[in-house]
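Asker: The structure's right below; bear with me while I get my questions together.
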Amino acid sequence: MNTTTSLAPGLLDEVHETQSAFRALLDALARPGEVRTLAPALPGVALGGAMARLLLTLCDEETPVWWQNSDPDLQHWLRFHTGATVAPHPAMASFAALTDVGSAPALADFAAGSAASPEFSSTLVIELPSLQGGTDMQWRGPGIEEQRRVALQGLSADFWRQWQVNHATFPQGVDIIFTCAEQIVGLPRTTRAVPLEEA
Amino acid sequence: MTNKTASGEVSARSTWLAVLARASLSELEAKRLLLGELPVVEQVRPPEVGMLMLRGRVGGTGNPFNLGEASVVRCAVRLGNGALGVAYALGRDKRRAELAALFDALLQDPARHQELQRMLIQPLQAMQAQARANRRREVAPSKVEFFTLVRGDA
Chain G
1161 MNTTTSLAPG
1171 LLDEVHETQS
1181 AFRALLDALA
1191 RPGEVRTLAP
1201 ALPGVALGGA
1211 MARLLLTLCD
1221 EETPVWWQNS
1231 DPDLQHWLRF
1241 HTGATVAPHP
1251 AMASFAALTD
1261 VGSAPALADF
1271 AAGSAASPEF
1281 SSTLVIELPS
1291 LQGGTDMQWR
1301 GPGIEEQRRV
1311 ALQGLSADFW
1321 RQWQVNHATF
1331 PQGVDIIFTC
1341 AEQIVGLPRT
1351 TRAVPLEEA
Chain A
98 MTNKTASGEV
108 SARSTWLAVL
118 ARASLSELEA
128 KRLLLGELPV
138 VEQVRPPEVG
148 MLMLRGRVGG
158 TGNPFNLGEA
168 SVVRCAVRLG
178 NGALGVAYAL
188 GRDKRRAELA
198 ALFDALLQDP
208 ARHQELQRML
218 IQPLQAMQAQ
228 ARANRRREVA
238 PSKVEFFTLV
248 RGDA
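As structure tokens, then:
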């Protein structure tokens, strides 16, 4: 037999579970920095609950997914349940599943869209060790009243420098959804983030 | 199944999948009752209803044409031994797809394959062929032959 023996199930109640995941994602992107909670991990899927559910919710046959961890079981699982193909290069990805942000490609390597069609950019789903307890950053932008302190863990100073460049290329640029187990935090391209001591 | 399977196996499987897809719910339920204890069945993709675009060469020129949409139901289950059974069937009868997927998974089990072929696939296949032949015989008298004269400018 082949990989079908290890194929994990998808969502049991697909319609309602994807609807509630999508609602949580909308809220997370509308209120950058606020933590939203999705549901527990799926049995047999080696991904956090939030990441697995977001991929099942967002992907379809028109959205190539770039995998940082090219586990054939995971790729086959997503293909089976959504029809999403594997993007051979980050720049061709509609969505990117990143599980180790330290060794991930630069933000500029992903699709930023064009000035005429900024919506053709990549959306990055990044699993972090924790959504709190990291370097304190000050976030400002649409959806944030005044400012918000966010302390995501596992992100380097270099990442935040790349993010400033990404923010400056608005309306182009990538959007990011940080996940940790069941929780998510949205970081849309409209959000400006600076270290707290510089603010 | 994919490239790892020999093409002979693929065509054998597509044959039984086609038979299962055409079988009625009552036929499948009747055969299900004949089976004894089964391993645990896990639903990898619970039965779900969707739409398919039907295409056919219905025009005079032979180009593909979108005839219309049909509702289909599909399902994927896995048995205890790891075989994945899949089913697609026209209509919206979820139980029918579930049973067909179950039989597909069982047919991939070498220990059960021969018996299932004999008690399930072969009788259904014969019935379906018979029904098709009957229908052909019924409509054959209504066939009209058209003769076209050669056109002047041809």
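Chains as they are written, first to last, in this note's numbering: chain G, 1161 to 1359; chain A, 98 to 251.
Ideal Cβ positions, reconstructed from N, Cα and C, are used throughout, including at glycine.
Computed from a predicted model, the values in this text were never measured in an experiment.
In chain A, which residues lie with their C-beta within 7 Å of the C-beta of residue 1172(G)?
Answerer: Neighbours of residue 1172(G) on chain A, chain order: 143.
Asker: When DSSP labels each residue in this structure, what does residue 160(A) get in the three-state scheme?
Answerer: In the structure shown, residue 160(A) sits in coil (DSSP, three-state: anything other than H, G, I, E or B).
Asker: Out of 1210(G), 1334(G), 1347(G), point me to the one whose CA is closest to residue 1278(G)'s CA.
Answerer: Among 1210(G), 1334(G), 1347(G), the Cα nearest to that of residue 1278(G) belongs to 1334(G).
Asker: Do the CB positions of residue 1209(G) and residue 1200(G) come within less than 8 Å of each other?
Answerer: Yes, these two residues count as a Cβ contact at 8 Å.
Asker: Would the stretch 1184–1196 of chain G count as touching the stretch 1219–1237 of chain G if we require 3 or more Cβ pairs under 8 Å?
Answerer: No: the two stretches stay apart, fewer than three of their Cβ pairs being nearer than 8 Å.
Asker: Within 10 angstroms of the Cβ of residue 1161(G), are there 16 or more other Cβ atoms? Answer buried if so, exposed if not.
Answerer: Residue placement at residue 1161(G) is flagged as unreliable, the pLDDT there being 36, under the threshold of 50; the coordinate-derived value follows with that caveat. Exposed.
Asker: Residue 203(A) CB to nearest chain G CB: under 8 Å?
Answerer: With 8 Å as the cut-off, residue 203(A) does not count as an interface residue toward chain G.
Asker: Is residue 1332(G) closer than 8 Å to residue 1275(G) when the C-beta atoms are compared?
Answerer: Against a cut-off of 8 Å, the Cβ pair of residue 1332(G) and residue 1275(G) comes out as a contact.
Asker: Can we say the stretch 1280–1297 of chain G touches the stretch 1335–1346 of chain G, given the rule of at least three CB pairs closer than 8 Å?
Answerer: Yes, since at least three Cβ pairs between the stretch 1280–1297 of chain G and the stretch 1335–1346 of chain G fall closer than 8 Å, the two stretches touch.
Asker: Within this structure, are the beta carbons of residue 1250(G) and residue 1281(G) separated by less than 8 Å?
Answerer: The answer is no: Cβ separation not under 8 Å.
Asker: Helix, strand or coil: how does DSSP classify residue 144(A) here?
Answerer: The answer is strand: DSSP assigns residue 144(A) an E or B state.
Asker: Specify whether the stretch 1302–1310 of chain G and the stretch 1184–1192 of chain G touch according to this definition: at least 3 beta carbon pairs, one from each stretch, less than 8 Å apart.
Answerer: With the cut-off at 8 Å, the stretch 1302–1310 of chain G and the stretch 1184–1192 of chain G touch.
Asker: Leaving out five residues before and five after residue 1346(G) in sequence, what residues of the same chain have Cβ atoms less than 6 Å from its Cβ?
Answerer: Cβ within range, chain order: 1188, 1189, 1192, 1337.
Asker: Counting pairs of Cβ atoms below 8 Å between the stretch 183–200 of chain A and the stretch 121–138 of chain A, do you hit three or more?
Answerer: Touching, per the Cβ criterion.
Asker: In the stretch 1184–1211 of chain G, which residues sit with their C-beta less than 7 Å from some C-beta in chain A, listed in chain order?
Answerer: Correct list: empty, as no residue qualifies.
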